[in-house]
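Q:
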Amino acid sequence: HDLTNNSVHMSTPILIILTFLFLAGTAALTQQSLFPIHRRDHNILRMTTLPPAITASIDKINDLITTDAGGRGMKNLVVPGDLLASAEILSRLKPNPSKKNEKASVIILTGFPCCVDHSPPMETDGLASVAIASAVVKLGYEASIVTEKCNEPVFRAAVDGVEEFSSINLIFFSEEPSWTAKHDEELRELAESADLVVSCERAGPAADGCCYTMRGINMNEKGLIAPLHQIVNHAREKNVKFIAIGDGGNELGMGKVIDKIHKHIPDGKNIGAVMAADHLIAASVSNWGGYALIAAAALVRYNDDKQAKWIDKCLPTEESETQLLHRCVAAGCRDGVSGKMEATVDGMPLERSMECLRDIRNAAASADAS
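The opening residue of the sequence shown carries number 5 in this note's numbering; numbering runs sequentially from there.
1) Where do the ends of the alpha helix (DSSP H) carrying Val202 lie?
2) Run through DSSP, which three-state label would Ala300 get?
3) Less than 6 angstroms between C-beta atoms, sequence neighbours within five positions excluded: which residues of the same chain meet that for Ala198?
4) Can you tell me whether Lys245 is helix, strand or coil according to DSSP?
5) State the DSSP-derived secondary structure class of Phe176, mapped to helix, strand or coil.
6) Between Asn366, Glu205, Arg160 and Val141, which has its C-alpha nearest Gly257's C-alpha?
7) So Phe176 and Glu156 are supposed to be a Cβ contact under 8 angstroms. How far apart are they, rounded?
8) Does the count of Cβ pairs from the segment 125-133 and the segment 85-93 closer than 8 angstroms reach three?
9) Go through the segment 118-181 residue by residue and report every complete run of the beta strand (DSSP E) that reaches 3 residues or more, in order.
10) Here's a check: name, in chain order, each residue in its chain whose Cβ is nearer than 7 angstroms to the Cβ of His233, leaving out the five neighbours to either side.
11) With 16 other CB atoms within 10 Å as the buried threshold, where does Lys264 fall?
12) Runs of 3 residues minimum, wholly inside the segment 267-346: which ones carry the beta strand (DSSP E) assignment?
13) Expressed to the nearest angstrom, what Euclidean distance is found between the alpha-carbon atoms of Arg44 and Asp63?
14) Per DSSP, which one or two residues make a beta bridge with Val110?
15) Can you check whether the CB of Leu68 is closer than 8 angstroms to the CB of Cys360?
16) Specify, as a first and last residue, the run of the alpha helix (DSSP H) that Pro56 falls within.
17) Among residues of its own chain, excluding the 5 on either side of Trp183, which ones have a beta-carbon nearer than 6 angstroms to its beta-carbon?
18) With a threshold of 7 angstroms on Cβ separation, who are the neighbours of Gly343 within its own chain once the five nearest residues in sequence on each side are excluded?
19) For Ile48, count neighbouring C-beta atoms within 10 Å of its own C-beta (all shown protein chains included) and say buried if the count is 16 or more, exposed if not.
20) So Met78 and Asp251 are in contact, right, with Cβ under 8 angstroms, and what is the actual spacing, rounded?
21) What is the C-beta distance between Ser178 and Lys153, in whole angstroms, given that I count them as a contact (C-beta under 8 angstroms)?
22) Helix, strand or coil for Met358 per DSSP?
23) Work out the CA separation of Lys107 and Lys313 for me, nearest whole Å.
24) In angstroms with no decimal places, state the Cα-to-Cα distance between Cys180 and Met223.
25) Cutting at 6 angstroms between CB atoms, please list the residues of its own chain near Arg305, excluding the five before and the five after it.
26) Identify every run of the alpha helix (DSSP H) within the segment 79-104, keeping only runs that are complete inside it and at least 4 residues long; order them along the chain.
27) Have a look at Lys98 and Lys104 and give me their C-alpha separation to the nearest angstrom.
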């Protein structure tokens, strides 16, 4: 009898432990089904609620834009998982609770006035900021493109008179030689309205505080730069995220991979932009990174809301991008590599960019079809 009692008493803790392990295992399986783990490059694990078809398409899009088509070493600057993270943030953005019945607000910083001996000095790469702003509006947010006054003719040509872009705000700041305390106040006020900051081919200060072209020309000394990077600093005081798109290492936000810029980009220690983005989309051409962000965000929104064809709604057509580029070139925009007023981007023919846009659309559509 004593032996039987002892057996019962000894088996009870074991039964409790086995029951606990069974329930824990069930909970883990349940959690994994709700938040599947998606394995990414370099053995990085990321928790995401997106199905494999969506994440696979976003991975494919990332591959399309990171071939280092320009041969500048940008492939070394890619941050695995940042395109996906950026897409989730943009697609699921909510306004600050203090904004009553208002839309979320996205500030898009752009402008790389590298054609320093011309007016306007704006290059053709970075014009995808208009497509980003248009997608932001279609996702249900407010969009403001912010750049210097020296770039105004180009962005006016891109946006003005185009019904599709009528809801995009254009904001132009004076360059540093004309900068005043009033501009500081306006900059801070603008930053405080933001729920997200995105930069696309935006000149970023190097270690000495100046912005440089890939050839090492100081654009601050040429009087072409406004301190728009301060918008990021002010917005971060409210824990607002900053997503950056760049291709050469001298763009705002590239500080996230500054060590790799120093190692892999010619003259990287002098021209490398030191401010770090929360999420960095490195691309062969910044415009391509803009298209990738739009497509990836549309895929996330499609996963959350299948009532609309988000990819077709948000991603620009080849025709609209071609027309936009021709309008901007007619207004004086130049290829940043050749320096010529021609419908090329970073020394590559327009068709190369349209091929990338086409491939991105097809990669996104493959998830839509599944």
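We treat Cβ as the ideally placed atom computed from N, Cα and C, and that holds for glycine.
A: On the basis of the supplied data:
1) Within the sequence shown, residue 202 is the residue found at index 198, counting from 1. First-last for Val202: Leu200 to Arg206, but that is the beta strand (DSSP E), not the alpha helix (DSSP H).
2) Within the sequence shown, residue 300 is the residue found at index 296, counting from 1. DSSP places Ala300 in helix when its eight states are reduced to three.
3) Translated into the one-based positions of the sequence shown, residue 198 becomes position 194. Annotation for Ala198: Ser109, Ile111, Ala239 and Val244 place their beta carbon closer than 6 angstroms to its own, counting only its chain and skipping 5 residues before and after.
4) Working through the sequence shown from its first residue, we reach residue 245 at position 241. In the structure shown, the three-state DSSP call for Lys245 is strand.
5) For the purposes of this step, residue 176 is identified with residue 172 of the sequence shown, where counting begins at 1. If DSSP states are grouped into helix, strand and coil, Phe176 belongs with the strands.
6) Taking the first residue of the sequence shown as 1, we reach residue 257 at position 253. Taking only the C-alpha atoms, the option nearest Gly257 is Glu205.
7) Translated into the one-based positions of the sequence shown, residue 176 becomes position 172. Translated into the one-based positions of the sequence shown, residue 156 becomes position 152. For a cut-off of 8 angstroms, the C-beta gap from Phe176 to Glu156 is around 5 angstroms, short enough to register as a contact.
8) In short, these stretches do not touch, since the Cβ pair count stays below three.
9) As far as the segment 118-181 is concerned, its whole beta strand (DSSP E) runs of at least 3 residues are 146-152 and 173-177.
10) Within the sequence shown, the letter at position 229 stands for residue 233. For His233, where only same-chain residues beyond five positions count, the Cβ hits under 7 angstroms are Gly208, Pro209, Leu256 and Met279.
11) Position 260 of the sequence shown, counted from the first residue, corresponds to residue 264. By the Cβ-count criterion, Lys264 is buried, with 16 or more other Cβ atoms from all chains shown falling within 10 Å of its own Cβ.
12) Qualifying beta strand (DSSP E) stretches, in chain order: 283-286.
13) On the sequence shown, position 40 is the one that residue 44 refers to. On the sequence shown, position 59 is the one that residue 63 refers to. Its pLDDT being 36, under 50, Arg44 is placed unreliably by the model, and nothing is read from it.
14) Looking up residue 110 in the sequence shown gives position 106. Note: Val110 sits in a beta bridge opposite Ala147 and Leu200.
15) Sequence index remark: in the sequence shown, residue 360 carries index 356 (1-based). Sequence index remark: in the sequence shown, residue 68 carries index 64 (1-based). Yes. Within cutoff.
16) In the sequence shown, counting from the first residue as 1, residue 56 sits at position 52. Its alpha helix (DSSP H) spans residues Pro56 to Ile69.
17) Here residue 183 corresponds to residue number 179 of the sequence shown, with the count starting at 1. Here the set comprises nothing.
18) Numbered from 1 along the sequence shown, position 339 holds the residue referred to as residue 343. These residues qualify, in order along the chain: Cys119.
19) As a first step, residue 48 must be located in the sequence shown, where it is residue number 44. Per-residue confidence for Ile48 stands at a pLDDT of 36, beneath the threshold of 50, marking its modelled position as unreliable; no derived number is given.
20) For this step, residue 78 is matched to residue 74 along the sequence shown. For this step, residue 251 is matched to residue 247 along the sequence shown. So it is a contact: roughly 5 angstroms between Cβ atoms.
21) What you label residue 178 is simply residue 174 of the sequence shown in a count that begins at 1. What you label residue 153 is simply residue 149 of the sequence shown in a count that begins at 1. About 6 angstroms separates the two Cβ atoms, so the contact holds.
22) Indexing the sequence shown from 1 puts residue 358 at position 354. In the structure shown, the three-state DSSP call for Met358 is helix.
23) Counting from 1 along the sequence shown, the entry for residue 313 is found at position 309. Counting from 1 along the sequence shown, the entry for residue 107 is found at position 103. Cα-Cα distance, rounded: 21 angstroms.
24) Here residue 180 refers to the residue found at position 176 when the sequence shown is read from its first residue. Here residue 223 refers to the residue found at position 219 when the sequence shown is read from its first residue. Here residue 180 is Glu; the residue named in the question, Cys, does not match the sequence. Going by the C-alpha atoms only, they are around 11 angstroms apart.
25) Along the sequence shown, one-based indexing puts residue 305 at 301. For Arg305, same chain residues with a beta-carbon under 6 angstroms away, outside a window of 5 residues either side, are Ser95 and Trp314 in chain order.
26) The segment 79-104 contains these whole alpha helix (DSSP H) runs: 86-95.
27) For the purposes of this step, residue 98 is taken as the residue at position 94 of the sequence shown. For the purposes of this step, residue 104 is taken as the residue at position 100 of the sequence shown. Distance between the alpha carbons of Lys98 and Lys104: 12 angstroms.
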